Amino acid sequence: EVQEQRVRAQGSLAAAEEERSRLVRELQTASAQLAETRQTAEKLMGVRSELEVEAAQARNDASVLAAEQRVLHDRLKDVTAQLAQSQAACSSAQRELSQLQGMPQRLDDTQEQLRSVQGRASSAEAEAVRCKAEARHLTDQLVRA
1 EVQEQRVRAQ GSLAAAEEER SRLVRELQTA SAQLAETRQT AEKLMGVRSE LEVEAAQARN
61 DASVLAAEQR VLHDRLKDVT AQLAQSQAAC SSAQRELSQL QGMPQRLDDT QEQLRSVQGR
121 ASSAEAEAVR CKAEARHLTD QLVRA
């Protein structure tokens, strides 16, 4: 009977040893998986940090672009106002020219006034053309921004 108990105890001991070995292997596997998970988490934290930096840069870029767009919009309004003034000056000079051409006065005086008005009309037309070109340029920049 003692012999049987000894055999059973040795069997139980062998089974316990086998269970312990299995648990040690599971623990080693779990430890390896944990280490791998930690490495993955560290990599993901690095990627997250990079993405946060890129997001901050993108927000900064958007802010700069918005400021540039406001400046371009304001400049376009200024140029549009200048264009309106130039067109008004051109119309006024053309009316003056029409009046001078229809007035019978001394030829020399009329020709001198005519040249003066034509010069102002040409200057106003050139200014209007310049303002139109600048307005187109600023509009293109505003569209791109």
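Numbering-wise, the UniProt record's numbering puts 39 at position 39 of the sequence shown, and it's gapless, one number per residue. Just so it is clear, CB atoms sit at the ideal spot from N, CA and C, and this is done for glycine as well. Computed from a prediction, not measured in an experiment: that's the story for all the values here.
Quick check: what's the CA-CA separation for residue i versus residue j?
i: Q39; j: L51; result: 18 Å
i: Q5; j: R20; result: 22 Å
i: R144; j: V129; result: 23 Å
i: E42; j: Q33; result: 14 Å
i: A58; j: L65; result: 10 Å
i: E127; j: L76; result: 15 Å
i: S63; j: H73; result: 15 Å
i: Q141; j: L114; result: 40 Å
i: Q99; j: D109; result: 14 Å
Output needed for residue i: all residues of its chain with C-beta closer than 7 Å, excluding positions within five of it in sequence on either side, in chain order.
i: K132; result: L83
i: E125; result: C90
Count the other CB atoms, across all protein chains shown, that sit within 10 Å of the CB of residue i; report buried if there are 16 or more and exposed otherwise.
i: residue 153; result: A question about residue 153 goes unanswered here, because the residues of the chain that appear run from 1 up to 145.
i: V117; result: buried
i: S86; result: buried
i: A14; result: exposed
i: A138; result: Checking the sequence, you will find Leu at residue 138 rather than Ala. Per the 10 Å Cβ criterion, buried.
i: A81; result: exposed
i: A93; result: buried
For residue i, which residues of its own chain have a beta-carbon under 6 Å away from its beta-carbon, when the five flanking residues on both sides are left out?
i: T29; result: none
i: E68; result: A145
Is residue i close to the ligand ZN? I mean its beta-carbon at under 8 Å from any heavy atom of the ligand.
i: Q10; result: Looking for the ligand ZN in the displayed structure turns up nothing, as the structure carries no ligands at all.
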